[in-house]
Amino acid sequence: MPGSLDVVKAWVAACNDGDADAALALCDSSMELVEAKALPGAVTATGIDAVGRYLERFSAHWSEVQWLPQEFLESGDKVFMRARLRLRGRRSGIEVDREWIYVFTVRHGKLIRQDGFDDRVDGLRAAGIGA
């Protein structure tokens, strides 16, 4: 069974490649994706079907999506990731380049949760890592 960090790195690679099928294959059927509260209109997608729709909508709005991981820390079944997220608007061409914090929870080799954070300390706490 792959380790938690391996699952997260595979998720990032699949998302960067725009391969929703590969990304969803890494998820448990109960997968929950929670955007950072700092993001205007932040959403939560619960269940594999909702996460699939989330990925479809995301690619409908952004022509380029690239996660550039800067740091990974593991703590049990949780993986903390600090990353730059670079986006280009599909119609507007607007470019977004911002650092976000993500905490992933992996159980039995499957991704069950992704939480987004605006603040590194909040992310470290959520991952159970001393800040």
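My numbering applies: residue 535 is where the sequence shown begins, and numbers increase by one.
The beta carbon of each residue, even a glycine, is placed where N, CA and C say it ideally should be.
Query raised in the report: DSSP three-state call for A572: helix, strand or coil?
Result: As a position in the sequence shown, residue 572 is number 38, starting the count at 1. If DSSP states are grouped into helix, strand and coil, A572 belongs with coil.
Query raised in the report: Rounded to the nearest angstrom, how far is the Cβ of A554 from that of G581, given a contact under 8 Å?
Result: Looking up residue 554 in the sequence shown gives position 20. Looking up residue 581 in the sequence shown gives position 47. Not a contact, Cβ separation roughly 15 Å.
Query raised in the report: Taking C-alpha atoms, which residue in E633, R654, L539 and G537 lies nearest to Q600?
Result: Translated into positions along the sequence shown, residue 600 becomes position 66. Per the Cα distances, E633.
Requested in this report: Please state if the CB of L589 and the CB of L645 are separated by a distance shorter than 7 Å.
Outcome: The sequence position of residue 645 within the sequence shown is 111, counting from 1. The sequence position of residue 589 within the sequence shown is 55, counting from 1. In this structure, L589 does not lie closer than 7 Å to L645 by Cβ.
Report task. Can you check DSSP and say which residues form a bridge with G650? Result -> By 1-based counting over the sequence shown, the position of residue 650 is 116. DSSP lists Y636 as partners of G650.
**Report entry** First and last residue of the uninterrupted beta strand (DSSP E) at V599
**Finding:** By 1-based counting over the sequence shown, the position of residue 599 is 65. In the DSSP assignment, V599 falls within the beta strand (DSSP E) that extends over W596 to S609.
Query raised in the report: Using 8 Å as the Cβ pair cut-off and three pairs as the minimum, do the stretch 556-572 and the stretch 619-633 touch?
Result: Counting Cβ pairs under 8 Å, fewer than three are found: no touch.
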